[in-house]
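Student: FYI, in our numbering the residues of the sequence shown are 1 to 118. Think of the CB as a built atom: it goes at the ideal place given N, C-alpha and C, for glycine as much as any other residue. First, the structure itself, so that you have it in front of you.
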Amino acid sequence: VQLQAFGGGLVQPGESLRLSCTSSVTMQSAETVDWHRQASGKQGELVARLSSNGKTVYADSVKDRFVISRDNAKNTVELQMNTLKPEDTAVYFCRAVFVDGLGVRHYWGQGTQVTVSS
């Protein structure tokens, strides 16, 4: 299974970006798909999680600004990031967890850089 994250870039404070995570297998079969981020010199953190039952979880720092969703037609899980702040600057990674007869398997995509700066 391969995951690929894309959509990062350089934006000004207050602007929006949409990240996408796609997989070599159907994302619908994932138990959960997360977006994590790691800022330079800081610990990585969970930004948002989408479970197979549709439940979402967000870090307090991004609640009401970020939305995680699945686009089945594109086979992607997307992170819409609104009202971006300089403190959102980080490398963003997607992770998918699959649970099946092989057990619990975690896969990570490569990071995509998000820079929020004026």
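To which residues does DSSP link S69 through a beta bridge?
Tutor: Within the sequence shown, residue 69 is the residue found at index 69, counting from 1. The partner list for S69 (beta bridge, DSSP) reads E78.
Student: For G9, write down the residues that DSSP places opposite it in a beta bridge.
Tutor: On the sequence shown, position 9 is the one that residue 9 refers to. Note: G9 sits in a beta bridge opposite V114.
Student: Sorted by chain position, which residues of the same chain lie with C-beta nearer than 7 Å to V25's C-beta, five sequence neighbours on each side aside?
Tutor: Position 25 of the sequence shown holds residue 25. Around V25: V1.
Student: Rounded to whole angstroms, what is the Cα-Cα separation between L61 and G101?
Tutor: Along the sequence shown, read from residue 1 onward, the residue named residue 61 stands at position 61. Along the sequence shown, read from residue 1 onward, the residue named residue 101 stands at position 101. Just to set this straight, residue 61 is Ser in the shown sequence, not Leu. Their backbone Cα atoms lie some 36 Å apart in a straight line.
Student: Any idea if E45 is buried or exposed, counting beta-carbon neighbours within 10 angstroms, 16 or more meaning buried?
Tutor: Residue mapping note: residue 45 aligns to position 45 of the sequence shown, counting from 1. Looking at its Cβ environment, which holds fewer than 16 other Cβ atoms inside 10 Å, E45 is exposed.
Student: Per DSSP, what kind of secondary structure is E87 in: helix, strand or coil?
Tutor: By 1-based counting over the sequence shown, the position of residue 87 is 87. Helix at E87.
Student: Under 6 Å Cβ to Cβ from T56, same chain only, skipping five residues before and after it: list those, please.
Tutor: The count along the sequence shown starts at 1 and reaches residue 56 at position 56. Hits under 6 Å: L50, I68.
Student: Quick check on the burial criterion: 16 or more other C-beta atoms within 10 angstroms. Buried or exposed for H36?
Tutor: Locating residue 36 in the sequence shown gives position 36, where the first residue counts as 1. Classification for H36: buried.
Student: Quick one: is E15 buried, meaning 16 or more other Cβ sit within 10 Å of its Cβ, or exposed?
Tutor: Working through the sequence shown from its first residue, we reach residue 15 at position 15. Exposed.
Student: Select from T89, S29, Q110 the residue whose C-alpha is nearest the C-alpha of S12.
Tutor: Stepping through the sequence shown from its first residue, residue 12 is reached at position 12. Sequence check: residue 12 is Gln here, not Ser. It is T89.
Student: Apart from the five residues on each side of it in sequence, which residues of its chain come closer than 7 Å, Cβ to Cβ, to H106?
Tutor: Taking the first residue of the sequence shown as position 1, residue 106 is located at position 106. R95, V97, listed in sequence order.
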